[in-house]
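Novice:
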Amino acid sequence: MKAEFAFIALPVSALIAPSAFAVRYLNVEQAQQAIFPGKSFTAAPVKLTGVQRKAIEQASGVRVLHDEQQVWRVSGGGWFIVDEVVGKHEFITYAAGIIADGSVKQIEIMDYRETYGGQIREQKWRAQFVGKTSRSTLKLDSDVKNISGATLSCRHITDGVKRLLAFYEIALKH
Amino acid sequence: MRSHSSIEIRRCRPLLGTFVEVETSGANAARLERAIGAAFAAIEKVQRLMSFHDPTSDVSRMNREAFPRSVIVHPWTWKVLEAAQQFARESDGAFDVAIARRLADHGYLPRRDYRFDSAATWQDIFLRKNYRVFFRRQLMIDLGGIAKGFAVDQAVAALKGNGAKKGIVNAGGDLRVFGSTSQVIHLRHPSKPVQAAGAVRLRDRAMATSGIYFARRKYRRRSISPMVDGRTGRSSRELISVSVAASECMTADALTKIIFALRGKGAALLAQYHADALLLERDGEASWIFRSPCDTRDRTRFD
Numbered sequence: 429m430k431a432e433f434a435f436i437a438l439p440v441s442a443l444i445a446p447s448a449f450a451v452r453y454l455n456v457e458q459a460q461q462a463i464f465p466g467k468s469f470t471a472a473p474v475k476l477t478g479v480q481r482k483a484i485e486q487a488s489g490v491r492v493l494h495d496e497q498q499v500w501r502v503s504g505g506g507w508f509i510v511d512e513v514v515g516k517h518e519f520i521t522y523a524a525g526i527i528a529d530g531s532v533k534q535i536e537i538m539d540y541r542e543t544y545g546g547q548i549r550e551q552k553w554r555a556q557f558v559g560k561t562s563r564s565t566l567k568l569d570s571d572v573k574n575i576s577g578a579t580l581s582c583r584h585i586t587d588g589v590k591r592l593l594a595f596y597e598i599a600l601k602h
Numbered sequence: 013m014r015s016h017s018s019i020e021i022r023r024c025r026p027l028l029g030t031f032v033e034v035e036t037s038g039a040n041a042a043r044l045e046r047a048i049g050a051a052f053a054a055i056e057k058v059q060r061l062m063s064f065h066d067p068t069s070d071v072s073r074m075n076r077e078a079f080p081r082s083v084i085v086h087p088w089t090w091k092v093l094e095a096a097q098q099f100a101r102e103s104d105g106a107f108d109v110a111i112a113r114r115l116a117d118h119g120y121l122p123r124r125d126y127r128f129d130s131a132a133t134w135q136d137i138f139l140r141k142n143y144r145v146f147f148r149r150q151l152m153i154d155l156g157g158i159a160k161g162f163a164v165d166q167a168v169a170a171l172k173g174n175g176a177k178k179g180i181v182n183a184g185g186d187l188r189v190f191g192s193t194s195q196v197i198h199l200r201h202p203s204k205p206v207q208a209a210g211a212v213r214l215r216d217r218a219m220a221t222s223g224i225y226f227a228r229r230k231y232r233r234r235s236i237s238p239m240v241d242g243r244t245g246r247s248s249r250e251l252i253s254v255s256v257a258a259s260e261c262m263t264a265d266a267l268t269k270i271i272f273a274l275r276g277k278g279a280a281l282l283a284q285y286h287a288d289a290l291l292l293e294r295d296g297e298a299s300w301i302f303r304s305p306c307d308t309r310d311r312t313r314f315d
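Top to bottom, those sequences are chains A and B. With positions in the first sequence counted from 1, the corresponding number in this note's numbering is that position plus 428. With positions in the second sequence counted from 1, the corresponding number in this note's numbering is that position plus 12.
(1) Whole angstroms are fine: how far does the CA of B/Arg124 sit from the CA of A/Ser570?
(2) Say whether chain B places a C-beta atom closer than 8 Å to the C-beta of A/Tyr531.
(3) Which residues does DSSP list as the beta-bridge partners of B/Asp216?
(4) The alpha helix (DSSP H) with B/Leu61 in it runs from where to where?
(5) Between B/Thr30 and A/Leu454, is the Cβ-Cβ spacing less than 8 Å?
(6) Quick one: give me the first and last residue of the alpha helix (DSSP H) that B/Met74 is part of.
(7) By the criterion of Cβ-Cβ separation under 8 Å, what are the contact partners of B/Gly38 in chain A?
(8) Please confirm whether A/Gly504 has its beta-carbon closer than 8 Å to some beta-carbon of chain B.
(9) Note down, in chain order, every chain B residue with its Cβ under 9 Å from the Cβ of A/Glu512.
(10) Buried or exposed for A/His494, going by 16 or more other Cβ atoms inside 10 Å?
(11) Closer than 8 Å, CB to CB, is A/Tyr596 near chain B or not?
(12) Looking at chain A, which residues of the stretch 208-220 of chain B have a Cβ within less than 8 Å of any of its Cβ atoms?
(13) Along the chain, where does the alpha helix (DSSP H) that runs through B/Asp265 open and close?
(14) Near B/Asn75, what residues of its chain come up, given a Cβ to Cβ distance below 6 Å and the 5 sequence neighbours on each side ignored?
(15) Assign A/Asp495 to one of three DSSP states: helix, strand, or coil.
(16) Would you verify that the beta carbon of B/Cys261 is, or is not, closer than 8 Å to some beta carbon of chain A?
(17) How would you label B/Pro67, buried or exposed, when you count the other beta carbons within 10 angstroms and need 16 or more for buried?
(18) Beta-carbon of A/Ile509 versus every beta-carbon of chain B: anything under 8 Å?
(19) Interface residues of chain B around A/Ile575 at Cβ under 8 Å?
(20) Between the stretch 110-122 of chain B and chain A, which residues of the former have a C-beta closer than 8 Å to a C-beta of the latter?
(21) By the three-class DSSP mapping on this structure, what secondary structure does A/Tyr596 have?
(22) Secondary structure at B/Leu151, three-state DSSP: helix, strand or coil?
(23) Please confirm whether any heavy atom of the ligand ZN lies closer than 7 Å to the CB of B/Arg200.
(24) With a threshold of 8 Å between beta-carbons, can A/Thr420 be considered close to chain B, or not?
(25) Any beta-carbon of chain A closer than 8 Å to the one on B/Gly330?
(26) Check the Cβ-Cβ distances between A/Ile526 and every residue of chain B, and say whether any is below 8 Å.
(27) List, in chain order, every chain A residue whose beta-carbon is nearer than 9 Å to that of B/Thr322.
(28) My output table needs one value for B/Phe162: the three-state DSSP class, helix, strand or coil.
(29) Quick one: does B/Gly276 have its CB under 8 Å from some CB of chain A?
(30) Output needed for A/Pro473: all residues of its chain with C-beta closer than 8 Å, excluding positions within five of it in sequence on either side, in chain order.
(31) Rounding to the nearest angstrom, what Cα-Cα distance links B/Pro80 and B/Leu155 in this structure?
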């Protein structure tokens with residue numbers, strides 16, 4: 429088998445289009461089974477009160493963007509949470525599994541979207557993805573499958589998980 | 013009954029400070045899941061051993077204690093350090109894991125409250141028998157320029173060890189493709205990083221890209237980046253990117269930093285490692301710094 433390495437110039441249209449990289453890794457059911465294989469899940473969404481919201485922000489040092497949190501109770505103990513974070517260029521939906529002792533079992537990225545030119549900050553742009561997390565498959569720019577380039581930091585996910593752990597302490601644990 | 017349909021599994025987790033993607037395909041879903049689990053476990057292990065931020069990692073222990081006494085590290089950490097020292101020697105110090113102090117000064121790594129010898133370099137790091145590491149001066153290392161590549165190699169080994177025949181591991185742009193099929197890898201545009209400037213086709217090969225476009229910032233009114241030339245201590249300010257392809261991702265990872273500093277002067281080193289290097293200019297224009305002679309097919313097309 430021969431190693432191969434060749435450069436392919438892209439058509440001009442691909443270079444100037446306000447391109448967006450998007451990958452769908454897992455829907456909710458797949459993420460549940462990836463983190464807690466063989467378990468069953470009961471939806472238990474949480475609506476935060478103003479007091480809880482403030483307490484979470486204080487404990488984690490991270491802003492809470494939504495009052496509603498998608499949560500499932502896992503058979504045999506533990507919680508499955510779907511959350512989203514917004515960075516400068518990226519909008520990411522991810523799932524976190526929290527086990528009975530309050531520690532993170534596993535994080536899985538569900539949807540990763542990257543765009544240029546401030547769209548990420550627009551509610552309208554993000555709204556087109558809302559409700560698509562569960563079943564429908566979504567593929568933008570399916571030609572772009574693998575990207576190499578300088579590393580994009582996952583700091584927003586780290587902050588998101590910090591916020592989820594505070595959410596667990598304040599809104600789930602008791 | 014055996015099914016001939018191939019299932020593709022692709023997962024992504026936040027690890028090594030970036031997004032790590034593992035993909036493999038085959039006929040047996042349970043086996044693929046197991047292989048992917050093993051690949052992520054290998055990457056988590058590299059993170060545990062070589063994270064600069066985790067106080068219990070080998071790297072943190074060395075930075076606290078390898079001066080004035082030696083510290084015993086895990087064989088994996090040892091292997092990465094050994095390779096790092098070799099790259100430092102071969103690049104006359106352009107690649108230097110002892111630049112962590114400068115990265116901390118510039119805010120790319122957290123500051124530590126112990127005193128450091130500002131003259132310390134990679135030449136003050138000694139690897140001794142039985143996985144012992146000793147620093148001759150008080151210094152601080154960061155394996156960020158090489159450990160990610162090593163992690164990708166370990167993840168590929170874990171996939172193969174669990175029966176995976178083909179796949180790709182991509183740690184935020186440092187990646188390795190294995191198996192009989194090739195993959196198209198899009199390269200970020202150096203000054204518009206959310207767009208692609210071009211693509212390369214890879215088969216059974218690793219590639220790493222270095223650029224400063226996500227990490228540039230101001231320090232004392234000057235533009236700085238974490239891309240530091242170990243010989244001068246200066247950070248790069250150019251919005252270019254360098255991609256290196258090699259058989260192992262650790263090699264590709266380290267060579268991108270070296271080529272970023274040495275450019276064409278690094279050609280001999282690229283030849284020694286049978287590596288290729290592609291430079292993308294600020295405007296996205298691509299040029300080869302070196303193409304390894306072992307691959308004569310599919311010459312570069314710029315049309």
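All C-beta atoms in this analysis are idealised placements derived from N, C-alpha and C, irrespective of residue type, glycine included. Quantities reported herein were computed from a predicted structural model and do not represent experimental measurements.
Specialist: Inspection of the coordinates gives the following:
(1) Its pLDDT being 45, under 50, A/Ser570 is placed unreliably by the model, and the measurement read from it follows with that caveat. Whole-angstrom Cα-Cα distance: 44 Å.
(2) The identity of residue 531 of chain A in the sequence shown is Ser, whereas the question assumes Tyr. By this cut-off, A/Ser531 is not an interface position.
(3) The partner list for B/Asp216 (beta bridge, DSSP) is empty, contrary to what the question assumes.
(4) For B/Leu61, the uninterrupted alpha helix (DSSP H) segment begins and ends at Ala41 to Met62.
(5) Result no, Cβ atoms of B/Thr30 and A/Leu454 do not sit closer than 8 Å.
(6) First-last of the alpha helix (DSSP H) with B/Met74: Asp70 to Glu77.
(7) Going along chain A, no residue has its Cβ under 8 Å from B/Gly38, so there is no contact; the nearest lies around 17 Å.
(8) No, because no Cβ of chain B sits closer than 8 Å to the Cβ of A/Gly504.
(9) Those do not exist, as A/Glu512 stays about 14 Å from chain B at its closest Cβ, beyond 9 Å.
(10) exposed
(11) At least 8 Å separates the CB of A/Tyr596 from every CB of chain B.
(12) Ala208, Ala209, Gly210, Ala211, Val212, Arg213, Leu214, Arg215, Asp216, Arg217, Met219 and Ala220
(13) Cys261 to Leu274 is the span of the alpha helix (DSSP H), which, as asked, contains B/Asp265.
(14) Met152
(15) coil
(16) no
(17) exposed
(18) no
(19) Asn182, Gly185, Ile197, His198, Leu199, Arg200 and Ala208
(20) Against chain A - using a Cβ distance shorter than 8 Å - the stretch 110-122 of chain B contributes no residues.
(21) Correct three-state label for A/Tyr596: helix.
(22) Look at B/Leu151 here: in three-state DSSP terms it is coil, with no helix or strand label.
(23) The ligand ZN is not among the ligands present in this structure, which contains no ligands whatsoever.
(24) Residue 420 of chain A cannot be examined here, being either before or after the span of chain A that is shown, 429 to 602.
(25) Because chain B in this structure spans residues 13 to 315, residue 330 of chain B falls outside the shown range and cannot be described.
(26) no
(27) Chain B is shown only over 13 to 315; residue 322 of chain B falls outside these bounds and no answer can be derived.
(28) helix
(29) Closer than 8 Å: no.
(30) Excluding residues within five positions, the ones whose Cβ falls inside 8 Å are Glu496, Gln497, Gln498 and Val499.
(31) 20 Å
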